[in-house]
Amino acid sequence: MSLAPYACHPAQSRGRRFGEVDAPTRTAFQRDRDRIVHSTAFRRLVYKTQVFLNHEGDLFRTRLTHSLEVAQLGRSIARSLHLNEDLVETIALAHDLGHTPFGHAGQDALNACMAAYGGFEHNLQSLRVVDHLEERYPDFDGLNLTFETREGILKHCSRANAILLEADEPLCADGLGGVGQRFLQRTQPSLEAQLCNLADEIAYNAHDIDDGVRSGLISLEQLQDVPLFEGYYRQALAAHAQLAQPANARRLLYESIRLMLSEQVYDVIAATQAALAEARPGSVAQARALPVLVVFSRGMRERSQALKAFLLRELYRHPQVMENMALAQQVVRELFAAYSEAPQEMQTGSAARVAAGTPVPPPQTTPATMRTIADYIAGMTDRFAAREHERLTGRRLLP
Ligand code: MG
0 MSLAPYACHP AQSRGRRFGE VDAPTRTAFQ RDRDRIVHST AFRRLVYKTQ VFLNHEGDLF
60 RTRLTHSLEV AQLGRSIARS LHLNEDLVET IALAHDLGHT PFGHAGQDAL NACMAAYGGF
120 EHNLQSLRVV DHLEERYPDF DGLNLTFETR EGILKHCSRA NAILLEADEP LCADGLGGVG
180 QRFLQRTQPS LEAQLCNLAD EIAYNAHDID DGVRSGLISL EQLQDVPLFE GYYRQALAAH
240 AQLAQPANAR RLLYESIRLM LSEQVYDVIA ATQAALAEAR PGSVAQARAL PVLVVFSRGM
300 RERSQALKAF LLRELYRHPQ VMENMALAQQ VVRELFAAYS EAPQEMQTGS AARVAAGTPV
360 PPPQTTPATM RTIADYIAGM TDRFAAREHE RLTGRRLLP
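Heads up: the sequence shown runs through residues 0 to 398, numbered per numbering that gives the first Met the number 0.
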């Protein structure tokens with residue numbers, strides 16, 4: 000892989016939180032990716048909701064298949080831009096590790112439960128998973144990933160949380176600060192991280208159309224009012240007359256989505272090349288100091304926004320989705336209440352952490368206990384959360 004001067008090079012990585020000897024056959028970013036693939040949190044993604052609850056059907060995207068699609072799109076664009084493919088893949092595979100069960104509904108419920116204890120945010124939680132919660136190594140908590148991977152995972156961060164993160168950064172010998180620093184200085188992350196943000200958007204826009212139509216909640220007819228989709232739909236029909244037959248409806252959908260994905264990928268490559276040619280960053284450090292450079296063209300940005308607005312209105316807020324999500328939120332709230340009253344109901348590690356940190360008898364509503372409960376609930380798969388809720392309350396809310 001030939002890397003541009005503004006691409007992250009593994010040999011110039013700012014390093015890991017705890018010093019380790021380099022691997023003989025893998026670069027630092029390849030090693031990060033392998034650690035993520037072998038992590039417990041990564042395996043759980045297969046049973047976590049993207050939009051549709053995991054029990055609603057076997058063919059809908061889950062957090063795992065979504066992450067794989069982001070990695071594929073990201074790698075493909077990275078190759079054309081001479082960015083570091085391995086780093087892009089690594090960030091993509093890790094970017095959703097902190098998601099709660101039941102998608103954004105689960106996160107909103109957990110955030111409300113944690114309001115008095117610092118809140119809950121899935122993006123920050125993804126970093127917490129790789130920095131603290133995975134228990135796989137003898138000498139440290141977490142996966143001890145490189146700065147560049149961790150920086151890419153932390154997409155958003157409030158100022159208050161950035162200050163807390165910086166206080167917790169063990170190794171900043173280079174004086175540049177940790178992953179929270181850029182939110183205090185208002186600079187950008189690496190171009191690889193910027194690319195993952197856009198690959199995420201391209202991936203979910205496309206697969207949510209597919210899943211939405213598959214579920215019957217949105218129709219091909221409705222989609223013809225969405226400019227980003229409609230043009231490719233007409234293009235697909237014009238190029239393949241047989242796609243007009245009702246029996247080929249799924250092939251027509253796939254062909255339209257395929258054209259849409261390709262065009263968005265080409266658009267990002269062209270718009271980013273233009274931005275790079277104008278800004279001419281000569282290094283990773285210069286790229287970080289510039290405005291966001293991995294971008295859609297203005298027209299594609301507008302069409303993507305319009306599609307997102309359509310999906311929000313017609314799919315994510317569809318009464319049937321909302322009904323399930325309301326039940327999912329009730330599950331999260333009641334789990335949180337149950338563990339707050341009886342932290343010993345959490346299994347093994349989490350209950351032990353509460354016991355070790357707080358010598359007073361339960362219920363112990365210290366912020367540390369509440370954070371442990373939030374970590375425990377956030378780590379659950381959809382079905383584990385539903386079963387655990389039934390065990391603790393005697394009521395089954397979700398199939
Ligand atoms: Mg995502």
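Every residue gets a Cβ at the ideal spot worked out from N, C-alpha and C, and that includes glycine. Predicted model only: the values in this text are computed from it and were never measured.
When every heavy atom of the ligand MG is checked, does at least one fall within less than 7 Å of the C-beta of residue i?
i          : result
residue 69 : yes
Applying the criterion that 16 or more other CB atoms from any shown protein chain within 10 Å of the CB defines a buried residue, is residue i buried or exposed?
i           : result
residue 256 : buried
residue 121 : buried
residue 20  : exposed
residue 36  : exposed
residue 125 : buried
residue 358 : Summary for residue 358: the model assigns pLDDT 48, below 50, so the residue's position carries little reliability; its value from the coordinates is reported in the next sentence. With fewer than 16 Cβ atoms within 10 Å of its Cβ, residue 358 is classed as exposed.
residue 321 : exposed
residue 100 : buried
residue 58  : exposed
residue 145 : buried
residue 325 : exposed
residue 130 : buried
residue 397 : buried
residue 17  : exposed
residue 175 : exposed
residue 128 : buried
residue 167 : exposed
residue 50  : buried
residue 149 : buried
Tell me which residue opens and which closes the alpha helix (DSSP H) that residue i is part of.
i           : result
residue 148 : 146-152
residue 267 : 248-278
residue 121 : 121-127
residue 41  : 39-43
residue 307 : 297-310
residue 374 : 366-377
residue 388 : 381-392
residue 12  : Residue 12 -> no alpha helix (DSSP H), and no H or E assigned at all.
Out of curiosity, what's the CA-to-CA distance linking residue i and residue j?
i           : j           : result
residue 38  : residue 132 : 10 Å
residue 6   : residue 260 : 24 Å
residue 160 : residue 222 : 40 Å
residue 138 : residue 94  : 25 Å
residue 299 : residue 228 : 11 Å
residue 156 : residue 87  : 20 Å
residue 10  : residue 25  : 11 Å
residue 47  : residue 65  : 11 Å
residue 119 : residue 376 : 11 Å
residue 246 : residue 305 : 29 Å
residue 393 : residue 97  : 28 Å
residue 404 : residue 379 : Past the edges of the chain, shown from 0 to 398, lies residue 404, and the structure says nothing about it.
residue 78  : residue 84  : 6 Å
residue 294 : residue 114 : 34 Å
residue 110 : residue 240 : 50 Å
residue 401 : residue 29  : As shown, the chain starts at 0 and ends at 398. That puts residue 401 outside it, with no answer to give.
residue 186 : residue 265 : 26 Å
Around the ligand MG, which residues pass a check of Cβ closer than 5 Å to any of its heavy atoms?
95 and 199
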